[in-house]
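A.B. asks:
There are 2 protein chains.
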Amino acid sequence: DMMTIPKDDPVAFTFFTGYMAMFAASVFFFFERQSVSDKWKTSLLVSGLITMIAAVHYYYMRDYYAATGQNPTALRYIDWTLTVPLMCVEFYLLTKAAGAKVSLLWKLIAASVLMLVAGYIGEAFVPLNADGTAAAGATNHSVMWGVISTIGYIYILYTAWFGEVKALGDSSGNPQVIKGIKILAWFVLVGWAIYPIGYMCMPGGWLNTGLGWTSSNVDLFYNIADAINKIGFGLVIYSVAKSDSATAK
Amino acid sequence: DMMTIPKDDPVAFTFFTGYMAMFAASVFFFFERQSVSDKWKTSLLVSGLITMIAAVHYYYMRDYYAATGQNPTALRYIDWTLTVPLMCVEFYLLTKAAGAKVSLLWKLIAASVLMLVAGYIGEAFVPLNADGTAAAGATNHSVMWGVISTIGYIYILYTAWFGEVKALGDSSGNPQVIKGIKILAWFVLVGWAIYPIGYMCMPGGWLNTGLGWTSSNVDLFYNIADAINKIGFGLVIYSVAKSDSATAK
Ligand SMILES: CC1=C(/C=C/C(C)=C/C=C/C(C)=C/C=O)C(C)(C)CCC1
Ligand SMILES: CC1=C(/C=C/C(C)=C/C=C/C(C)=C/C=O)C(C)(C)CCC1
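So the sequence lines, in the order shown, correspond to chains A and B.
In terms of the working numbering, the first sequence is residues 1172 to 1420.
In terms of the working numbering, the second sequence is residues 1172 to 1420.
1. Below 8 Å on the Cβ atoms is my guess for A:R1233 versus A:F1186; work out the distance and round it to an integer in Å.
2. Listed from N- to C-terminal order along the chain, which residues in the segment 1207-1227 of chain B have their beta-carbon within a distance smaller than 9 Å of any beta-carbon of chain A?
3. Would B:K1178 count as contacting chain A if we go by Cβ distances under 8 Å?
4. Helix, strand or coil for B:A1301, going by three-state DSSP, please let me know.
5. Between B:K1401 and B:T1222, is the Cβ-Cβ spacing less than 8 Å?
6. Under 8 Å by Cβ, that's how I've got B:L1355 and B:L1257 pegged, so tell me the actual separation to the nearest angstrom.
7. If you draw a straight line from the C-alpha of A:W1211 to the C-alpha of B:G1219, how long is it?
8. Since B:G1381 is in the alpha helix (DSSP H), which residue starts that stretch and which ends it?
9. Tell me the DSSP secondary structure of A:M1223 in three-state form.
10. Output the distance between the C-alpha atoms of B:S1202 and B:I1224, rounded to the nearest integer angstrom.
11. Looking at the C-beta of A:L1328, does it have a partner C-beta in chain B at a distance below 8 Å?
12. Can you give me the start and stop residues for the alpha helix (DSSP H) that B:N1311 sits inside?
13. Looking at the structure shown, is B:C1259 part of a helix, part of a strand, or coil, going by DSSP?
14. Hey, does A:A1356 have any beta-carbon neighbour from chain E nearer than 8 Å?
15. Given 7 Å as the limit, tell me if A:D1397 has its C-beta closer than that to any heavy atom belonging to ligand 1.
16. From B:L1216 to B:Y1409, what does the alpha carbon distance come to, in whole angstroms?
17. Against chain A, with Cβ distances strictly below 8 Å, would B:F1404 count as a contact?
18. Is the segment 1357-1366 of chain A in contact with the segment 1323-1338 of chain A, if contact means three or more CB pairs nearer than 8 Å?
19. Mapping the DSSP letters down to three states, classify B:D1172 as helix, strand or coil.
20. Could you have a look at A:T1385 and say whether DSSP puts it in helix, strand or coil?
21. Taking only three categories from DSSP, how would you classify A:P1181?
22. Residues in the segment 1237-1257 of chain A with C-beta within 9 Å of chain B's C-beta atoms, listed in sequence order?
23. Establish whether the CB of B:F1201 and some CB of chain A are separated by less than 8 Å.
24. Can you pull the chain B neighbours of A:K1295, defined as C-beta to C-beta under 7 Å?
25. B:T1188: buried (16+ other C-beta within 10 angstroms of its C-beta) or exposed?
26. Since A:L1287 contacts A:T1252 with CB under 8 Å, what's their CB separation in whole angstroms?
27. Output needed for B:S1320: all residues of its chain with C-beta closer than 6 Å, excluding positions within five of it in sequence on either side, in chain order.
28. Please classify B:N1242: does DSSP put it in a helix, a strand, or coil?
29. Can you find the residues in the same chain that come closer than 8 Å, C-beta to C-beta, to B:M1173, ignoring five residues on each side of it along the sequence?
30. How far does the alpha helix (DSSP H) with B:A1148 in it reach, from first residue to last?
31. Indicate, with yes or no, if ligand 2 has a heavy atom lying under 7 Å from the CB of B:W1363.
32. Count the other C-beta atoms from every protein chain shown that fall within 10 angstroms of the C-beta of B:W1384, then say buried if there are 16 or more, exposed otherwise.
33. Closer than 7 Å: is that where the CB of B:G1189 sits relative to any heavy atom of ligand 2?
34. Reducing DSSP to helix, strand and coil, say where B:N1400 ends up.
Okay, here's the thing in structure tokens:
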């Protein structure tokens, strides 16, 4: 049962800390929502929803991993199906202060749907032997779907660094928003890039076959990346909101 | 148990995402209620109640489906017994801003009771063989009760497009309310029409016998439609309320 956490299993550790950290972050964002000016309240609420949804899914993933020792792939993508679009809402709300139109949100969501659907096919349907090792064609399968998924990722990356999001940041006169958009671009470049590293640890993946990183590392990387992107980026929004609220007063 | 979500079962997927999405939507509506003007607060509360009730029922339906692989028909109609009349309250509150009388609410509720009672008889008491396949008379049974149910649905549709709701929208001078009523009519036409499609996937139903769509698709369509109508329409009300509150300031 889930009370027996092996003392030498970092994946189990991060599932447990991830669960509590997401939970605590939600409480933080929900309370602090009251201390920012009105226009930032929805952003803080969405940050809190992202970590709240993740807390529930981490609760299940933690127990699933403890009980089976397997990657909770379905639960992971169920989480992302909800939290990645909400991250796009977060990005949109930040750029809205600089004049973004709702079409930007739909484009980001469409790109993330491509990214997640391809990633799910790549992970969930990789050809395996009965003992869980990579079967013939596993590497081809994971590389092909990983590349398709990366197209969606690169679209978001491009939008943040050179496209609409960047342009909106430049044209807004608000130094807080400009700063927030710059940090956003770095999160998408560095924080989000941890996920494909995890992906490549699955059986047949390049880091698995090449460096021998086992498939339990998939969740190690995903858990670390989730903490950075869900909690870390939420805290960035929080600090932008606090500074901007102080200026507006 | 429900921890083992089959990787290739979209119905299980939508039960799980549906549960979390309803839950998150309730938190959203309850918090954001504070940021709209007084006359919209009840609408946001009702939106939050609809998704909160649904979250609890999805929790049970998800586990029921995971454990049995069957359609949770009783739980589904238990949910609708509460949430469909609350949707009617939502419609009434929107048109009230344009002068609707409470008799409109009772007429909408009466029509939805007809729709749901007939639908339940059609689904729950369809003649089945011991192995769950359609028995003699299944198609007749499901078509007859489906048609009776559709009478209630068409009454609501008529009211929204050509009847009292439409007239009230026209006579109100408020552009936000007019816009909201127009969107309402489209939700009833398109969003609600997904339910009868799901219904026709049950054993003996036209899409089941005609196109071979199996009965697990019943819940797939119901889950998608519920997300659109419960969360989507709630968000429409929210955006109408936000715009109207901003204008009123
Ligand atoms: C590029 C790529 C991937 C990217 C995943 C990402 C970028 C996930 C981001 C999740 C976030 C930001 C959640 C926050 O709430 C996959 C699907 C692993 C498959 C391999 C290729
Ligand atoms: C017409 C028709 C049906 C319509 C169901 C509808 C329209 C349900 C709406 C539910 C909503 C809006 C829930 C929101 O909270 C049934 C009963 C499937 C039976 C077949 C004929």
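For each residue, glycine too, the CB sits at the ideal point set by N, CA and C.
Computed from a predicted model, the values in this text were never measured in an experiment.
C.D. replies: For this structure:
1. 4 Å
2. none
3. yes
4. coil
5. yes
6. Their Cβ separation, rounded to whole angstroms, is 14 Å, which puts B:L1355 and B:L1257 out of contact at 8 Å.
7. 21 Å
8. 1377-1382
9. helix
10. Sequence check: residue 1202 of chain B is Phe here, not Ser. Looking at the two C-alpha atoms, the distance is approximately 17 Å.
11. no
12. 1309-1332
13. helix
14. The structure shown contains no chain E; the protein chains it does contain are A and B.
15. yes
16. 10 Å
17. no
18. yes
19. Low local confidence applies: a pLDDT of 48 at B:D1172 is under 50, so the model's placement there is unreliable, with the coordinate-based value given in what follows. It is coil, neither helix nor strand.
20. coil
21. helix
22. A1238, T1239, P1243, T1244, A1245, L1246, Y1248, I1249, D1250, T1252, L1253, L1257
23. no
24. Residue identity differs from the one stated: residue 1295 of chain A is Ala in this sequence, not Lys. The answer, in chain order, is K1178.
25. buried
26. 6 Å
27. M1286, A1289, G1290
28. coil
29. Legend: pLDDT at B:M1173 = 48, less than 50; position of this residue unreliable, value from coordinates given subsequently. These residues qualify, in order along the chain: R1233, D1234, A1237, A1238.
30. Outside the shown range of chain B (1172 to 1420) lies residue 1148 of chain B, about which nothing can therefore be said.
31. yes
32. buried
33. no
34. helix
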